[in-house]
Every structure is written in structure tokens, then in C-alpha cells.
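Written below as C-alpha cells is the structure these notes are about.
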Amino acid sequence: MSPRAGNPGPRTLAFVESPVQLLNVLEWAHAQEHALGAGLTLVVLSPIDPMTRGQLRRMAELAREEGHEVRWEEARGGTAAPFHTIGGLAGMLRRAARVVLGDPFSRYVQLLLTITRARDLVVVDDGTATMEFVAQLARGERLVRWHRKGGRPGPRDLVFAPVSAAARKRLTPSEGHRVEIFSSMPMEETPAGVTVTANTFAWTRTRFGPPRITKGADMVGTSLVETGVVDTDRYLEAVSALAKTHGATRYFAHRRESTEKLHRLAVETGLEIVRPDLPLELIARRGPISRTILSFPSTVVHTLPLALSGTEVRVAVCDIDPGWLTENASPRAQGFLSGVTGTARDVHRLSAVSAV
Numbered sequence: 015m016s017p018r019a020g021n022p023g024p025r026t027l028a029f030v031e032s033p034v035q036l037l038n039v040l041e042w043a044h045a046q047e048h049a050l051g052a053g054l055t056l057v058v059l060s061p062i063d064p065m066t067r068g069q070l071r072r073m074a075e076l077a078r079e080e081g082h083e084v085r086w087e088e089a090r091g092g093t094a095a096p097f098h099t100i101g102g103l104a105g106m107l108r109r110a111a112r113v114v115l116g117d118p119f120s121r122y123v124q125l126l127l128t129i130t131r132a133r134d135l136v137v138v139d140d141g142t143a144t145m146e147f148v149a150q151l152a153r154g155e156r157l158v159r160w161h162r163k164g165g166r167p168g169p170r171d172l173v174f175a176p177v178s179a180a181a182r183k184r185l186t187p188s189e190g191h192r193v194e195i196f197s198s199m200p201m202e203e204t205p206a207g208v209t210v211t212a213n214t215f216a217w218t219r220t221r222f223g224p225p226r227i228t229k230g231a232d233m234v235g236t237s238l239v240e241t242g243v244v245d246t247d248r249y250l251e252a253v254s255a256l257a258k259t260h261g262a263t264r265y266f267a268h269r270r271e272s273t274e275k276l277h278r279l280a281v282e283t284g285l286e287i288v289r290p291d292l293p294l295e296l297i298a299r300r301g302p303i304s305r306t307i308l309s310f311p312s313t314v315v316h317t318l319p320l321a322l323s324g325t326e327v328r329v330a331v332c333d334i335d336p337g338w339l340t341e342n343a344s345p346r347a348q349g350f351l352s353g354v355t356g357t358a359r360d361v362h363r364l365s366a367v368s369a370v
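Rendered as C-alpha cells:
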């Protein structure tokens, strides 16, 4: 959907690349309801992955139902797509008074930040990556995703370094330039001058539920294997042990989990594999959901207790055993994952399970 001819453009422009980012823009807009007014346009920089695209389509429908304009961009549909997308958005970017973004590590977003003249920048949660972003911004470090940190920069990293540095500068508050972080994540270090606003998932709780609660346990999948952090066999053994110990019957797959791994999980554990069509916070809130939700260190150990506040659902998190990590895992992986678990509120902590 494109702005009408003659329209000066939205005062607030939001860029999202994942369903969770779009959800958190809706949460931010709900919290800003009285101050936001008209003029929020959500720009979806669509990825190629079919599962992510499907969830984004469903989230885009919800955004339109809330009265927001949604602009879908095939941002990765071929070599020329980025140039076409950026060229088409440049005018809107220059006119926007506020820019909301979900992934400050994204090269796409970093490039767009070099174009905008907006005085207000808002970063909404993109899961646990937000914790690392805040820490890096506070320490003045270059922006690098936690599971890649420790490796040597590749040729593309070096070519893109000036853009990344410029984006980091734009994400640093200065006179007449405001930066807000809207997050449900705990933050040990807060960058000087940055406004931090708590995401309580008020929109999710208002819009959905409360859910019907069933007996037993559900498991939440993770993409730690796909990102090269955890060994496949160790992960499958841990899932099997957890399922047997807690009587889990369903496994909610992460949108990035491979079909091959999920097939192995179904065969070796007997779990019913569920491919959610929405972020898990909304799936759980709609229900039905089991009384116990089992998870490894991930975003949901922070967000599900908020989304399910007032229900009897218990979230239990299982630590990652150091022996599960791959040889190529970042040196920071174990410490970061332990921090994700250790800082989670209102969860029950489980010890790392042994292989079966």
C-alpha cells in the first residue's frame, strides 16, 4: 500500500524484518496511543524465508486492523531489489519526524539510517539481540551480533564498516536528537542519554485471551543449531530428555528451524511439531496452552511471563550445557546464554539436562 499522491508522508515510519519486530512496534504504538496520533506507516522489509514471510503476512493483517498503514517491500527479491527499495523509501525517510526500527544490527536498517533526518529514533525489541545492542552502544563498541562476536571481520564487514559506524552514531543521543529503546529485556548498562521504556505486552493482553490452559507441558524451539552455536545431536538429546522428564507433547518450532532437524525431532522424540503462524506470545495468549512451557535460553523466557501475566502458566527454562556448543561457537556464547537465563523474571530455572 503506497501513500496517496500529495501526502507529505507519515510522521512516524517503522521498519521491520521479522514478526516479533512487528509485534513490538504494535506494542509501542499501543503505549503511545494518545501521543502518536495519525501517520504511522509500517514498512516490511520482507525476507526470503517462507515461514518468516507467512508470519509477517499475518502480523501485517493485525496491524491494518489496528488502523496502521502497511507497506510491503520485496527488499531481497533479486540483485536490484535493495536499490529499488531504498530509492522508493528515500523521500519518506527524509520527511519522517520519527523512525522506529526493530534490528539495529541489520545492514539494511543501518543503510536506511544514513538517509533519515528524523530527530527521534526508537528501537523496539528484536529478542535477546536487544540486550547485546544496548551493551555495545553503552560501551561505544561496533555493532556485532552476539553469536558472531569473536570472529574476524570478513570482506563484506570491512566494506560496510563506514555505514555501520554512521548508523551507530545516529543511534547515539545528541542535542536535538532523541533515542528511545522500547524493551521487555533486562539491561545491565543503559547508554547515556537514551530513554528506556518498558514493554509490558499490554496490547497483546488486551487483544487476545485469556487462554484455555491444558495439562502437561509444551516445548519452545530455538534456532541455536541453525546459527551454529549448539551441536545438532546434543540439542536433539536435550529435547528428548526434557520431553520425557516433563511429559511434553507439543514442540513449537522457531521460524528459522530447518525442516530436516524438525523431522528428526518428530521421529526421535514423538513430539507433535507445531509451526506457528504468529509469534509465540500471541499463540500462547490465544491458547490453548499447557500449564508448563519449557524453553532453552531465548527471548520467550522474558516475554511469555509478561504476555501470560495473570494466568497460571509456568515458564521453565533449561540452561545450555557448555558441552553442547559447537567448535565454531563464539567465545561469548556461553556467557551470553547464561545471562539470558539468569536475568529472566518470573521463570522456573532448570539445570542443563544430561544426554539420554
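Per the numbering used here, the very first residue in the sequence shown carries number 15; after that it's consecutive.
Note that the Cβ used here is the ideal one computed from N, Cα and C, for glycine as well.
Fair warning: this is a prediction, and the values are worked out from it, not measured in the lab.
Three-state secondary structure (DSSP) of methionine 145: helix
Aspartate 232, DSSP secondary structure in three states: strand
Which residues DSSP lists as bridging tyrosine 122, in chain order: Per DSSP, none; premise fails for tyrosine 122.
Simplified DSSP state of aspartate 5, which is helix, strand or coil: Because the chain spans 15 through 370 in this model, residue 5 falls outside it and cannot be assessed.
Alanine 206: first and last residue of the uninterrupted alpha helix (DSSP H) it sits in: Note, alanine 206: premise wrong, no alpha helix (DSSP H); not H, not E.
Under 8 Å between C-beta atoms of methionine 233 and leucine 256: yes
Euclidean distance between Cα positions of threonine 214 and serine 198: 7 Å
Nearest to valine 184 (by Cα), restricted to the options Thr340, Asp333 and Leu151: For the record, residue 184 in the displayed sequence is arginine; it is not valine. Cα-wise, what sits closest to arginine 184 is Leu151.
Rounded straight-line distance, which links the Cα of alanine 104 to that of leucine 276: 41 Å
Beta-carbon gap between valine 253 and valine 315 smaller than 8 Å: no
Pairwise C-alpha distance: valine 114 and valine 208: 14 Å
Alanine 132 - DSSP class collapsed to helix/strand/coil: coil
Assigned exposure category for proline 319 - 16 Cβ within 10 Å defines buried: buried
Glycine 164 burial status per 10 Å Cβ neighbour count (16 or more: buried): Note that glycine 164 has pLDDT 49, beneath the 50 cutoff, so the model's placement of it is unreliable and the number below is only indicative. With fewer than 16 Cβ atoms within 10 Å of its Cβ, glycine 164 is classed as exposed.
Residue interval of the alpha helix (DSSP H) (run including tryptophan 42): 33-45
Cβ pair glycine 223, arginine 300 closer than 8 Å: yes
Spatial distance of methionine 73 from arginine 219 (CA atoms): 16 Å
Boundaries of the alpha helix (DSSP H) in which leucine 250 is found, first to last residue: 246-260
Same chain only: Cβ atoms within 7 Å of alanine 94, ignoring 5 sequence neighbours per side: none
Cβ shell of isoleucine 62 (< 6 Å), same chain only, five flanking positions each side left out: Arg90
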